[in-house]
Amino acid sequence: MNSEIQQLDAEILVVDDIPANLKLLTSILSHRGYRVRPAASGQLALRSADHKPPDLILLDVKMPDMDGYEVCRTLKSGSRNADVPVIFISALDDSGDKVSGFEAGGVDFITKPFQAKEVLARVETHLALRRLHQQLEQQNAQLLKESAERLQVERELREANDLNRKIFEAAAMGVVAYNGCSGQCVMANPAAGKIVNASEDQLTGQNFRRLESWRTSGLLAMAEQVLDTGTKREQEVHTVTSFGREVWMECRMNRFLIRGEPHLLLLIYDVTEQKHFQETLKQAKEAAEEANMAKSQFLANMSHEIRTPLNAVIGFSDLLSSVVEDPKQKSYIESVQTAGKSLLRLINDILDLSKIEAGRLELSCSPTDVRTVINEVEQIFSQQALQKNVRFITDVDPGLPAALFLDEIRLRQILINLVGNAVKFTEKGHIQLTVSITDQKTAGDLLDIDISVEDTGIGIPEHDTERIFESFKQQTGQSSSKFGGTGLGLSICRRLAEMMGGTVSVRSVAGKGSTFSVGIRNIAISHKAIPAVEERSGDETIRFESAKVLVVDDVASNSQLISEILSRVNLEFLTAGNGSEALKIAEAYQPDVILMDLWMPVMDGIEATGRLKVNARTKTIPVIAVSASIFPDHSASLVEKGFDGFLSKPFKTDQLFSELSKYLKIAKEDNPASSATKVALDFSAPQMALNLRELIEIIDSDLMRQWEDLQKMIPMKTVRKFGKELETLGLKYTVPFLSDCGRNLLLHTDNFDVQNMKIKIDEFPNIVDELKSLKEVNHGRG
Numbered sequence: 000m001n002s003e004i005q006q007l008d009a010e011i012l013v014v015d016d017i018p019a020n021l022k023l024l025t026s027i028l029s030h031r032g033y034r035v036r037p038a039a040s041g042q043l044a045l046r047s048a049d050h051k052p053p054d055l056i057l058l059d060v061k062m063p064d065m066d067g068y069e070v071c072r073t074l075k076s077g078s079r080n081a082d083v084p085v086i087f088i089s090a091l092d093d094s095g096d097k098v099s100g101f102e103a104g105g106v107d108f109i110t111k112p113f114q115a116k117e118v119l120a121r122v123e124t125h126l127a128l129r130r131l132h133q134q135l136e137q138q139n140a141q142l143l144k145e146s147a148e149r150l151q152v153e154r155e156l157r158e159a160n161d162l163n164r165k166i167f168e169a170a171a172m173g174v175v176a177y178n179g180c181s182g183q184c185v186m187a188n189p190a191a192g193k194i195v196n197a198s199e200d201q202l203t204g205q206n207f208r209r210l211e212s213w214r215t216s217g218l219l220a221m222a223e224q225v226l227d228t229g230t231k232r233e234q235e236v237h238t239v240t241s242f243g244r245e246v247w248m249e250c251r252m253n254r255f256l257i258r259g260e261p262h263l264l265l266l267i268y269d270v271t272e273q274k275h276f277q278e279t280l281k282q283a284k285e286a287a288e289e290a291n292m293a294k295s296q297f298l299a300n301m302s303h304e305i306r307t308p309l310n311a312v313i314g315f316s317d318l319l320s321s322v323v324e325d326p327k328q329k330s331y332i333e334s335v336q337t338a339g340k341s342l343l344r345l346i347n348d349i350l351d352l353s354k355i356e357a358g359r360l361e362l363s364c365s366p367t368d369v370r371t372v373i374n375e376v377e378q379i380f381s382q383q384a385l386q387k388n389v390r391f392i393t394d395v396d397p398g399l400p401a402a403l404f405l406d407e408i409r410l411r412q413i414l415i416n417l418v419g420n421a422v423k424f425t426e427k428g429h430i431q432l433t434v435s436i437t438d439q440k441t442a443g444d445l446l447d448i449d450i451s452v453e454d455t456g457i458g459i460p461e462h463d464t465e466r467i468f469e470s471f472k473q474q475t476g477q478s479s480s481k482f483g484g485t486g487l488g489l490s491i492c493r494r495l496a497e498m499m500g501g502t503v504s505v506r507s508v509a510g511k512g513s514t515f516s517v518g519i520r521n522i523a524i525s526h527k528a529i530p531a532v533e534e535r536s537g538d539e540t541i542r543f544e545s546a547k548v549l550v551v552d553d554v555a556s557n558s559q560l561i562s563e564i565l566s567r568v569n570l571e572f573l574t575a576g577n578g579s580e581a582l583k584i585a586e587a588y589q590p591d592v593i594l595m596d597l598w599m600p601v602m603d604g605i606e607a608t609g610r611l612k613v614n615a616r617t618k619t620i621p622v623i624a625v626s627a628s629i630f631p632d633h634s635a636s637l638v639e640k641g642f643d644g645f646l647s648k649p650f651k652t653d654q655l656f657s658e659l660s661k662y663l664k665i666a667k668e669d670n671p672a673s674s675a676t677k678v679a680l681d682f683s684a685p686q687m688a689l690n691l692r693e694l695i696e697i698i699d700s701d702l703m704r705q706w707e708d709l710q711k712m713i714p715m716k717t718v719r720k721f722g723k724e725l726e727t728l729g730l731k732y733t734v735p736f737l738s739d740c741g742r743n744l745l746l747h748t749d750n751f752d753v754q755n756m757k758i759k760i761d762e763f764p765n766i767v768d769e770l771k772s773l774k775e776v777n778h779g780r781g
């Protein structure tokens, strides 16, 4: 039906010079439903066909000007109408004429007169043939196209397979495929062989279910699970392969199907070098941590070893300063004090920097009056600035609240560093310290402040404005002999400011001056009143009600210093050289307070304090830790160890009195001043009475003879031996003043202090007499 409809839809060109024939053929064809284009001559027919090729041409042979054969040959010579079927119509019935028509390109021959049925039959036949021919051509073209496409796909597949093969062979990760049923390896790339130390052929000959390395490393169980469930799995494996290589591998497995048969895909990443690198990093990290610990321990030791003698230097120079009247001698003492304090500042800077780097430095924020801090800084430096004829100006924002939550000590440290530098590097002009509010938060009691220190000093070259904030770095070309310094101050300032949530920056022009700015953000405003500090003038002497203090320190100079200070404020003192001695003395004489050094031989202060706090007779005695170490500076950790307070060496006298005043009563103003108090000891304790007779016998039989020899001459070796025996006997029989006498004698010997040595030797008979009188008292009680 469709074919018939297509044929009736055909367009036929009818060519005949006789109008009657042209009309008849047009009528026959039109009545059949064909579209007909009539042409009365060969020329018209050619133009019509060239304009639009028809589906079929009925062409008369005998026509004037151009006969049908010529028209047909012309049509067939062009590409547009070459395949259009031409049926000749002619009264000629000779076979030669028909042959000529076929030779010209015709497909059929209708003899006039013609019958309508014959015309229609032949037309329909050739139209059908043409349709079939066109379909065949289309199908052939489609086949050719599909064939070309298939060839292209095959070529692309070959190229893709070749690319995949190259990738497979060049891949750094190992790729291995196994038959899931048999367990046999079906393919492996070179990388897989390299990882396990085998060739591809060796790998493809393996069965994963028979490999011991797969069983022991867990790969076999992982493979079976992947094949059973179809889920992807990955695992890090450390194993020795069946080819002898120890290797770390990241293994990833997945299941895939080939013709319905399960296969196992194994991807291997060699991470052996990475593991070795990680191990190297781990070792380097551990080494760095050990080095850092060693550094911290060194700093602790350095702190202890330097602060301990420095405590005596500063302490004794302060004591001397209070008793020396001669101006020249006083100037010497002031020089010692200045040098000692400079050394202490340097040590503190180094320790602060170390604690900041180690993350051990903690801020302690409390309500702080910034104006008071500014005034204190001004008092410290105004005199120095005046001596250099430099104006010192302060300008504080009038809107600044009375109290802000800040670490007052660290804020003061920052300002002292910055203003100190300004004074140091400014020879003329001015120094201005300014505090301004940069942002007052509308929500919440928070504000931002900026503190700037401006000077008209030597300035800083632009290339040095960051360098100066590095540890131990100073401005390029800066004269150390003229300006001094260690290059730590600005580094510490910046890090402290950052800990407060702020920044430190600098603007400077070489030769004109500098401005250092400290910006601190989101500071909380305090609405609590800052408690007034009761100031005690330097000339006022504090006095305590009579009490007994046990001083525990292995360094005799430290004990002597503290004892001298205590004797001036109406306090009795006992001394011990280590924790073990302290335990005996504390239990026997029940002191009111114990000053306990932390680092001592025999038994340190921490262990001794722990034992004191578990002893029913001594657990209530307050123990104040005294140390030059940088570590025990956190009160919380000391409280956990049983301490009641802490003093850091070297300490000031008022710091000592402040700590003692927490546990001892201060005498009223009308109490009469007493002279330096001699140690009053209670020898009525039972254990002392038992040992007193034995001690006196030893003294009479041995020590008195040595003392008599020392009256004739004083060789240092003999004095040292005598002092050591006194110290040992005092410790053995728990007689503190005897051990103190021996220890002080050793100290004077070490210092070649002959005058004090003679004084101590001369005091010995008095000590013996006192011991004998105590013996008589105890005998009478017995």
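Heads up, the sequence shown is in numbering that gives the first Met the number 0, so the first residue is 0 and it goes up one at a time.
Idealized CB from N, CA, C, for every residue including glycine.
Beta-carbon within less than 8 angstroms of residue i's beta-carbon, same chain only, minus the 5 sequence neighbours each way: which residues are those?
i, result
"residue 564", "314, 318, 652 and 655"
"residue 708", "717"
Below 8 angstroms between beta carbons: does that hold for residue i and residue j?
i, j, result
"residue 38", "residue 29", "no"
"residue 845", "residue 428", "Examination of residue 845 is not possible in this model, given that the chain is present from 0 through 781 alone."
"residue 581", "residue 607", "yes"
"residue 33", "residue 56", "no"
"residue 605", "residue 583", "no"
"residue 743", "residue 720", "no"
"residue 400", "residue 593", "no"
"residue 202", "residue 191", "yes"
"residue 560", "residue 735", "no"
"residue 575", "residue 620", "no"
"residue 87", "residue 108", "yes"
"residue 527", "residue 402", "yes"
Ignore the nearest five residues each way along the sequence and tell me which others in residue i's own chain have a CB closer than 7 angstroms to its CB.
i, result
"residue 205", "184"
"residue 80", "48, 52 and 74"
"residue 16", "39, 40, 59, 62 and 63"
Identify which residue in the options has its Cα closest to the Cα of residue i.
i, options, result
"residue 275", "245, 23 and 757", "245"
"residue 417", "404, 436, 453 and 400", "453"
"residue 238", "257, 216 and 251", "216"
"residue 662", "196, 570, 466 and 579", "570"
"residue 615", "87, 589 and 502", "589"
"residue 381", "425, 413 and 361", "425"
"residue 761", "740, 549 and 646", "740"
"residue 445", "505, 135, 468 and 404", "404"
"residue 103", "116, 85 and 114", "85"
"residue 493", "410, 573, 328 and 731", "410"
"residue 764", "733, 748 and 725", "725"
Taking the beta carbon of residue i as the centre, do at least 16 other beta carbons fall within 10 Å, making it buried, or is it exposed?
i, result
"residue 456", "buried"
"residue 660", "exposed"
"residue 137", "exposed"
"residue 144", "exposed"
"residue 26", "exposed"
"residue 366", "buried"
"residue 562", "buried"
"residue 596", "buried"
Near residue i, what residues of its chain come up, given a Cβ to Cβ distance below 6 angstroms and the 5 sequence neighbours on each side ignored?
i, result
"residue 677", "In this prediction, residue 677 scores a pLDDT of 38, lower than 50, which makes its location untrustworthy; no coordinate-derived value is stated."
"residue 2", "Because the pLDDT of residue 2 is 49, which lies under 50, any placement of that residue in the model is unreliable, and the number read from its coordinates should be weighed accordingly. Once the five neighbours on either side are set aside, residue 2 has no close Cβ partner at all."
"residue 420", "none"
"residue 98", "none"
"residue 283", "none"
Below 8 angstroms on the Cβ atoms is my guess for residue i versus residue j; work out the distance and round it to an integer in Å.
i, j, result
"residue 432", "residue 393", "5 angstroms"
"residue 196", "residue 240", "6 angstroms"
"residue 556", "residue 746", "7 angstroms"
"residue 106", "residue 125", "6 angstroms"
"residue 233", "residue 258", "In fact, because the Cβ distance is near 27 angstroms, the residues do not count as touching under 8 angstroms."
"residue 436", "residue 450", "Their Cβ separation, rounded to whole angstroms, is 11 angstroms, which puts residue 436 and residue 450 out of contact at 8 angstroms."
"residue 389", "residue 430", "6 angstroms"
"residue 40", "residue 64", "6 angstroms"
"residue 624", "residue 644", "7 angstroms"
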